[in-house]
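In what follows, a structure is listed as structure tokens, so that the remarks can point back to it.
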Amino acid sequence: MGNHHETFPWKHIIGFILSLVLTFVALWVALSSGLATKVILVVIVTLAIVQAALQLFMFMHMTESDSGKIQTINMVYSFFIAAVVVAGSIWTMAFVL
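This is how it looks when you write it as structure tokens:
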């Protein structure tokens, strides 16, 4: 384990540019692509998942720690909580009068 410090944050710049590209692709798909609504939704959700993963690895330093197992458990728990909140919200809005 070394103390390697880069002088210029290339990883952050590349992550930022990729995030912008993914955002603009999603915007183009939504506004100008002419695809079917279901296809647009699938593409946007896929791009959102890719962008979330990109940001976790490029900006949140998920792979730069000695406690990889703990971070993995925390991420799985966070995804579970997010899924429960989203599913519960959709269920409440759709089925509860």
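One point on numbering: in UniProt numbering, the residue at position 14 of the sequence shown is 14, and numbering is uninterrupted. Glycine is no exception: its CB is placed at the ideal position from the N, C-alpha and C atoms. All values reported here derive from a predicted model rather than from experimental measurement.
- In the DSSP assignment, F59 falls outside any alpha helix (DSSP H) and carries neither an H nor an E.
- Using a Cβ distance threshold of 8 Å, L22 and V50 count as a contacting pair.
- Judged by DSSP in its simplified three-state form, A36 adopts coil rather than helix or strand.
- The beta carbons of F59 and G88 sit no closer together than 8 Å.
- In this structure L18 touches L54 by the C-beta definition: roughly 6 Å separates them, less than 8 Å.
- Here V29 is buried: its Cβ has 16 or more other Cβ atoms, across all protein chains shown, within 10 Å.
- Assigned with DSSP and collapsed to three states, T23 falls in helix.
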